[in-house]
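Participant: The following block contains the structure, expressed as structure tokens.
This is the structure in structure tokens:
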């Protein structure tokens, strides 16, 4: 029986993972900025779950949560870095404070929780860290530049960290879902002001109009059940092994297969050390 520390557990993927692991008989440390939103899960699983307040942007809070969980008899063996959200809109028009908040939440929050939990996992002789990234952590899409940047960073962090902690039997897995039915495209989504208002004077008006339509159609209609993610992670833990990368969902797989081939990346060119030939425009001119 594992003890899971799940950030951003109040809704979406985090809540779905919490429900899956608790129903499977595991224990859970559930965190959210407003822990009152987690009391129904705690009440439904007496003695198996605790709820603690956590703003992942604050390093001191990350360490305090781990310390308080231990004090209450919950020593994490599995960390799920799930807390995060999407910031969308053309990069040129993103406010500085929104940029900083996105990086602090989506990237630095992962760093702080890993730093807080790793000493315990090493002392225990092993464990799991699941960093919830995105298929957008492998491929960039216009209008989600900052979100892409943070998820690319989490992907790189996960791959490097997996190598660092492998000697202690700690598995670090970069979890990259495609669209799942959460409020990512709705209440959780933060938009650049020009996108929020659909400012016709913005040079990116056409892009923003397309994005607004897409997110309105997507919200609540995504094909994936977030409980599926919980079941996959649970299987890894119960099996005692996790891959370095998990691409989850049919759309994520289709995106991967579309973009991973060199034939789909005409912009990608390799030049060896001994080669002096110039970079060629796309099309071989």
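Residue numbers (the numbering used here): 858 to 1142.
Even for Gly, the Cβ is constructed at its ideal location relative to N, Cα and C.
This one's a predicted model, so the numbers in the text were calculated from it and none came from an experiment.
Hey, how far is the Cα of residue 1060 from the Cα of residue 1066?
Facilitator: Each residue's Cα considered, the two are about 12 Å apart.
Participant: Please state if the CB of residue 1035 and the CB of residue 1081 are separated by a distance shorter than 8 Å.
Facilitator: Yes; because the gap between Cβ atoms is below 8 Å, this pair is in contact.
Participant: Which runs of the alpha helix (DSSP H), 4 residues or longer, sit entirely within the stretch 933-971?
Facilitator: Counting only runs of 4 or more, we get 953-960.
Participant: Hey, how far is the Cα of residue 927 from the Cα of residue 974?
Facilitator: The straight-line gap from Cα to Cα measures roughly 11 Å.
Participant: Apart from the five residues on each side of it in sequence, which residues of its chain come closer than 6 Å, Cβ to Cβ, to residue 871?
Facilitator: Answer for residue 871: 863, 865, 939, listed in chain order.
Participant: Where residue 955 and residue 914 are concerned, what is the direct C-alpha to C-alpha distance, given to the nearest angstrom?
Facilitator: Distance between the alpha carbons of residue 955 and residue 914 is about 13 Å.
Participant: The beta strand (DSSP E) spanning residue 1001 covers which residue range?
Facilitator: That residue, residue 1001, is in no beta strand (DSSP E); it is neither H nor E in DSSP.
Participant: Can you grab the Cα-Cα spacing for the pair residue 909 / residue 867, in whole Å?
Facilitator: Each residue's Cα considered, the two are about 11 Å apart.
Participant: Could you tell me the distance, in whole angstroms, from the CA atom of residue 1126 to the CA atom of residue 1117?
Facilitator: Distance between the alpha carbons of residue 1126 and residue 1117 is about 14 Å.
Participant: How would you call residue 1032, buried or exposed, if buried means at least 16 neighbouring beta carbons within 10 angstroms?
Facilitator: The residue is buried, with at least 16 neighbouring Cβ atoms inside 10 Å.
Participant: Just checking residue 1000 against the ligand NAD - is the residue's beta carbon closer than 7 Å to any of the ligand's heavy atoms?
Facilitator: Looking for the ligand NAD in the displayed structure turns up nothing, as the structure carries no ligands at all.
Participant: When burial is assigned at 16 or more other CB atoms within 10 Å of the CB, is residue 1092 buried or exposed?
Facilitator: Answer is exposed; the Cβ neighbour count stays below 16.
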